[in-house]
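Undergrad: In the numbering used here, the protein residues as written are 32 to 179. Supplied in structure tokens, the structure appears directly below.
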């Protein structure tokens, strides 16, 4: 069983009278990041996710350059680099007659930050890493995460 196929322990469900500064509904990339950033800024966060992690979702399976600064700030970049992935540095357009054009992504948008242009990895892996890290950050800050 791969790491991202194992359930993520989100701790105990808070008592009914618990209070929170921020409640985030949805543990996808946006919700996980919002919960983590709020917890990092001193808020007591409740992150609610209707599903049980991990879960897979069809998507392009890429984390682009503009997202990498957030991925790094949240502590997920080392997790990505430690798992099987592809580095994305270009886009290839192809046609039915086997012609193709490769467009390199502009290095100035990411090299100044010491980042790569992007990564490609299965969505289930990325979501697992981001939700797991958000859970750690939220719990460390005194918040709670509920799944299911």
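Where a beta carbon is used, it is the ideal one built from N, C-alpha and C, also for glycine. On a predicted model such as this, the values are computed, not experimentally measured, just so you know.
#1: Around the C-beta of residue 47, are 16 or more other C-beta atoms found within 10 angstroms, so that it is buried, or is it exposed?
#2: Measuring straight from C-alpha to C-alpha, what distance separates residue 95 and residue 149?
#3: In three-state DSSP terms, what is residue 19?
#4: Would you mind reading off the limits of the beta strand (DSSP E) that contains residue 80?
#5: Which stretch, first to last residue, makes up the beta strand (DSSP E) that contains residue 133?
#6: So, are the CB atoms of residue 173 and residue 80 less than 9 Å apart?
#7: Hey, which unbroken runs of the beta strand (DSSP E) at 3 residues or more fall wholly within the segment 87-120?
#8: How big is the Cα-Cα spacing for residue 73 and residue 162?
#9: Taking C-beta to C-beta, are residue 60 and residue 155 nearer than 9 Å?
#10: Please classify residue 143: does DSSP put it in a helix, a strand, or coil?
#11: Going by beta carbon distance, what residues of the same chain come within less than 6 Å of residue 68, once the five residues before and after it are set aside?
#12: Relative to the alpha-carbon of residue 110, which residue among 152, 134 and 70 has its alpha-carbon at the smallest distance?
#13: Spatial neighbours of residue 42 within its chain, please: C-beta separation below 6 Å, excluding the five flanking residues on both sides.
#14: Residue 138 to residue 101, Cα distance in whole Å?
#15: Skipping 5 residues on each side, what residues in its chain have a beta carbon closer than 6 Å to that of residue 90?
TA: Taking the coordinates as given:
#1: It is exposed - the Cβ of residue 47 has fewer than 16 other Cβ atoms within 10 Å.
#2: Cα-Cα distance, rounded: 4 Å.
#3: Nothing can be reported for residue 19: it is not among the residues displayed for the chain, which extend from 32 to 179.
#4: 76-80
#5: 131-135
#6: no
#7: Taking only runs of at least 3 residues, the beta strand (DSSP E) segments lying wholly in the segment 87-120 are 93-95.
#8: Using only the alpha carbons, I get a separation of about 19 Å.
#9: no
#10: helix
#11: none
#12: 152
#13: 170
#14: Cα-Cα distance, rounded: 18 Å.
#15: Closer than 6 Å at the Cβ level, and outside the excluded window around residue 90, lie 154.
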